[in-house]
Amino acid sequence: MLMNGEVEERPMKSRIMATQSTLDDWRSSQEECPPLEDIASQVIAIMLTIPELVDLPVAELEQIPLGKLRKNATNLHAVCRYKKGVRKENGVGPEDVRCVDVHPEALTTKWMHYAAFLLYHEYLHALGFANHNRTFRQMEALWPDEEARSMGKAFGTHLRMRKAKWLWECPKCTISHPRTRRSNGRYRCRKCRVVLVDTPVDAKQANP
Ligand SMILES: [Zn+2]
Ligand SMILES: [Zn+2]
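So the sequence shown is residues 0 to 207, counted in numbering that gives the first Met the number 0.
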C-alpha cells in the first residue's frame, strides 16, 4: 500500500525521464481524467517496455479488478488486496490479487499522473514484490515519470487539507501542516526544532 509520505520522507533518485507517457496526450485532448481502467491499460503498456520487468507476468495484470478507496480516506492512497488465504511469504502473482483500489481524489486531471504511479506501485506488489524493501524501491524508481514519483507528499497534504481546520505552522521556516485539531504547543518543527503555532484555516483561505 502507499501511505502518505509526510512522516517518513524518502529521497527520490534524480532520473532523466525516459518515456513520455501518453497520459499527456490525454490531458491535451480532454479535460476529464480518463477512466481508471484506461489509466491502468496505459500503465501496463508502459510496464511492458521496462526491460527489468520482462521476465514477470506483466500482461496478466490486465485481469486484476480495479476499484476506488472511500472518498474520505486520508492516509491511504492506494492498496493491493490479495485474495483470502493468500500468503505473500509464498510468493504472489497477479492471479492472487482480489483487487487494486485507488483513491478517487487521484482520478482527476491534476493528479492522474500520480494515479498512474500508484497503479504501478500496486502492480509491483501484484507481481510478487510484497514488501517495501530495497528491491521494491529500486523497481519503483524505474517508473519513467519522475514528477509523478515524487507527488505522494503533495497528494497527502491535499487529502488532509480537505478536512483541515488548523494549520500547524513553523514560525521559522513557515512550513505548515494541515490538521483537524490544534497542536496546542505539543509539536515542534522537525527541521528547526521550534514549537509549531496554530493558525485557523479560515484565516488563510478565501474559499475553504
Ligand atoms: Zn505499497
Ligand atoms: Zn521549521
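Even for Gly, the Cβ is constructed at its ideal location relative to N, Cα and C. Because the structure is a prediction, the values reported are computed rather than measured.
Reduced DSSP category for residue i - H, G, I as helix; E, B as strand; rest coil
i	result
Asp201	helix
Gly4	Low confidence applies to Gly4: its pLDDT is 39, below 50, so where it sits in the model is not reliable, and the reading given next is rough at best. Coil.
Gln29	Bear in mind that a pLDDT of 47 at Gln29, under 50, signals an unreliable position, so the model cannot answer this.
Asp221	The structure shown does not extend to residue 221, since the chain is modelled only from 0 to 207, so the question has no answer here.
His102	coil
Ser20	Residue placement at Ser20 is flagged as unreliable, the pLDDT there being 47, under the threshold of 50; a coordinate-derived value is accordingly withheld.
Leu60	helix
Tyr113	helix
Pro170	coil
Pro177	strand
Val91	coil
Glu145	helix
Arg97	strand
Val42	helix
Arg133	helix
Under 8 Å between C-beta atoms of residue i and residue j
i	j	result
Pro93	Glu59	yes
Pro103	Lys162	no
Met150	Ile38	no
Close beta carbons around residue i, own chain, < 6 Å, minus the five adjacent residues each side
i	result
Lys87	Ala129
Val57	Met46, Leu47
Arg181	Trp165, Asp197
Asn132	none
Own chain, CB closer than 7 Å to residue i, minus 5 neighbours either side, in chain order
i	result
Val85	Val91, Asp95
Leu106	Cys32, Leu35, Ala114
Ile49	Leu141
Glu7	Here Glu7 scores only 34 on pLDDT, less than 50, and its place in the model should not be relied on; the value that follows carries that caveat. For Glu7, where only same-chain residues beyond five positions count, there are no Cβ hits under 7 Å.
Gln62	Pro93
Cβ neighbours of residue i in the same chain (closer than 8 Å, five flanking residues each side left out)
i	result
Pro64	Arg97, Cys98, Val99
Asn183	Asp197
Limits of the unbroken alpha helix (DSSP H) element including residue i
i	result
Gly66	Not the alpha helix (DSSP H): Gly66 falls in the beta strand (DSSP E), residues 65–67.
Ala77	That residue, Ala77, is in no alpha helix (DSSP H); its beta strand (DSSP E) goes 75–81.
Thr156	151–160
When the Cβ atoms of the segment 109–120 are set against those of the segment 74–82, are three or more pairs found closer than 8 Å?
-> Inter-segment contact for the segment 109–120 and the segment 74–82 is present: three or more beta-carbon pairs are separated by less than 8 Å.
Count the CB pairs spanning the segment 187–196 and the segment 163–178 that are closer than 8 Å, and state whether there are at least three.
-> With a cut-off of 8 Å, the segment 163–178 and the segment 187–196 count as touching, because enough Cβ pairs lie within range.
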